[in-house]
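Asker: One structure is given below, represented as structure tokens, and several questions about it will come after.
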Amino acid sequence: MTTAEPTDAGTGEGRLPETIETVDAQRVALYVVLAGLIGFYLSPLWAGLTTAFKTQTGFVETTPVTPPTPEWFTVEPWELAFAAMQGGLINSAMFVVPATILSATLGSLAAYGLTKLSWRGQIGILVIFLAGVFLPYQSVLVPLRQFWSAVDLAGLLSFAPFLANQADLLELTVTHTAYGIPICTILFRSYYKTLDDEMIEAAKIDGANAFGIYKRIVLPLSLPMFAVTLIYQFTQVWNDLLFALVLVTSRSSYVVTQSLNELQGSMAQEYNIQMAGAFIAALPTIIIYVIFGRQFAKGITGAS
1300 MTTAEPTDAG TGEGRLPETI ETVDAQRVAL YVVLAGLIGF YLSPLWAGLT
1350 TAFKTQTGFV ETTPVTPPTP EWFTVEPWEL AFAAMQGGLI NSAMFVVPAT
1400 ILSATLGSLA AYGLTKLSWR GQIGILVIFL AGVFLPYQSV LVPLRQFWSA
1450 VDLAGLLSFA PFLANQADLL ELTVTHTAYG IPICTILFRS YYKTLDDEMI
1500 EAAKIDGANA FGIYKRIVLP LSLPMFAVTL IYQFTQVWND LLFALVLVTS
1550 RSSYVVTQSL NELQGSMAQE YNIQMAGAFI AALPTIIIYV IFGRQFAKGI
1600 TGAS
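1300 is the number of the first residue of the sequence shown in the working numbering; add one for each residue after it.
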């Protein structure tokens, strides 16, 4: 007569709750860490937002993260900040929009020529574009100021008073367009590398020229990458202060970053107005991200 060997079924059943408890504990620890990171990254945003809705007295007597009480709640900082920055907002829109569109369009054309056309000297031109990407702003400030002083754009446009008055903004437009073309070209080039050449070859057989192929085939397929470059360029140009400080000499042509800098008082610091101004200055870039967010994601995944 044989006896049955003891099995580990009972032991296995006993281990299962322990495994579940271990997994649950790890998951709780992960959620705690993630919640802490979220709180860490959002705390400056929350502090700035609460400060922007406080009176100056409320800001002094409370911590930045404390929500404003009814006694200290006010929208006056937003009104004052907008009144001081509305000229800068208009000026920025006047040069940021054309500079963004021009740099993206020219970058797309350059990338098309570097990837889908064959001609001598492509590698050399590509090296120049790569050098332009890694060229820091600070290294060109002095020659840039000397160049525009020699050009005297306001004098050249003296026949058109309106354009002459906007000479500083035109200088910014040309400068940011030229400086944005290299990075836009590299981004478009990486995207065009993933496009199938069969349609392009078929169009060549049908007798289409290079520009016709770009217009009818490449350009419609480039819309996701246009969203990427437009968002990137708009954000970079809108937030730029360095070129504006060097090129803008007339107070009437101050851009939004300069107007925001002007909110800083010489004696007393009104942080509630400065925080409201910071959110107002950031609002256009947030709107652009919301509008082109889906196309931005498609462009990023398509270029990878």
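Just so you know, even glycine gets a beta-carbon here, dropped at the ideal spot from N, CA and C.
Nearest CA to the CA of K1415: which residue from M1498, A1351, R1550, A1328?
Answerer: M1498
Asker: Pick helix, strand or coil for K1415, following the three-state DSSP scheme.
Answerer: coil
Asker: Taking Cβ positions, are A1380 and I1587 nearer each other than 8 Å?
Answerer: no
Asker: How close, in whole Å, do the beta carbons of V1545 and I1485 come, if the pair is a contact with beta carbons under 8 Å?
Answerer: Not quite, the Cβ-Cβ distance comes to about 25 Å (not below 8 Å), so this is no contact.
Asker: Between K1503 and the rest of its own chain, which residues show a CB-CB distance below 8 Å, the 5 nearest in sequence each way excluded?
Answerer: I1512
Asker: Please return the same chain residues whose Cβ sits closer than 8 Å to the Cβ of M1300, not counting the five positions on each side in sequence.
Answerer: Any reading at M1300 must be qualified, since the residue scores a pLDDT of 45, below 50, and its modelled position is unreliable; the value itself is stated next. Counting only Cβ-Cβ distances below 8 Å, and skipping sequence neighbours, we find nothing.
Asker: Quick check on the DSSP output: the alpha helix (DSSP H) that includes G1431 runs from which residue to which?
Answerer: Per DSSP, G1431 belongs to the alpha helix (DSSP H) from 1421 to 1432.
Asker: Measuring only between beta-carbons, confirm whether T1548 sits less than 8 Å from chain B.
Answerer: Looking for chain B here will not work: only one protein chain is present.
Asker: Are there three or more Cβ pairs, one per stretch, closer than 8 Å when the stretch 1535 to 1544 is compared with the stretch 1472 to 1484?
Answerer: yes
Asker: Taking all protein chains shown into account, decide if W1537 is buried (16 or more other Cβ within 10 angstroms of its Cβ) or exposed.
Answerer: buried
Asker: Cβ of L1468 within 8 Å of Cβ of M1393?
Answerer: yes
Asker: Going by beta carbon distance, what residues of the same chain come within less than 7 Å of V1589, once the five residues before and after it are set aside?
Answerer: none
Asker: Pick out whichever of L1559, P1435, W1345, T1399 has its Cα sitting closest to the Cα of L1605.
Answerer: This structure leaves residue 1605 out entirely; the chain is present only between 1300 and 1603.
Asker: Can you find the residues in the same chain that come closer than 6 Å, C-beta to C-beta, to T1534, ignoring five residues on each side of it along the sequence?
Answerer: T1584
Asker: Using beta-carbon positions only, say whether G1598 and P1519 come within less than 8 Å of one another.
Answerer: no
Asker: Compute the distance between the beta-carbons of Y1491 and A1403, then report whether it is under 8 Å.
Answerer: no
Asker: Classify K1353 as helix, strand or coil using the three-state DSSP reduction.
Answerer: Strand.
Asker: May I ask which residues mark the beginning and end of the alpha helix (DSSP H) holding A1453?
Answerer: 1452 to 1455
Asker: Sorted by chain position, which residues of the same chain lie with C-beta nearer than 6 Å to A1580's C-beta, five sequence neighbours on each side aside?
Answerer: Correct list, in chain order: V1555, L1559.
Asker: Taking 7 Å as the limit between beta carbons, can you name the residues of its chain near A1351, skipping five residues before and five after?
Answerer: P1376, W1377, N1571, M1574, A1575, F1578
Asker: Quickly, what does DSSP pair F1372 with across the bridge? List them, please.
Answerer: K1353
Asker: Can you give me the start and stop residues for the alpha helix (DSSP H) that Q1535 sits inside?
Answerer: 1522 to 1537
Asker: With a threshold of 16 other CB atoms inside 10 Å of the CB of K1353, please say whether the residue is buried or exposed.
Answerer: Buried, because 16 or more other Cβ atoms sit within 10 Å of the Cβ of K1353.
Asker: Tell me whether T1484 sits in a helix, a strand or coil according to DSSP, three-state version.
Answerer: helix
Asker: Within the same chain, show all residues whose beta-carbon is closer than 8 Å to that of F1525, passing over the 5 residues directly before and after it, in chain order.
Answerer: A1403, S1407, Q1594, G1598
Asker: Classify G1506 as helix, strand or coil using the three-state DSSP reduction.
Answerer: coil
Asker: Taking only three categories from DSSP, how would you classify S1458?
Answerer: Note that residue 1458 is Phe in the sequence shown, not Ser. Three-state result, F1458: coil.
Asker: Can you round the beta-carbon distance between L1278 and T1474 to whole angstroms, since I take them to be within the 8 Å contact cut?
Answerer: As shown, the chain starts at 1300 and ends at 1603. That puts residue 1278 outside it, with no answer to give.
Asker: Would DSSP call T1476 helix, strand or coil?
Answerer: helix
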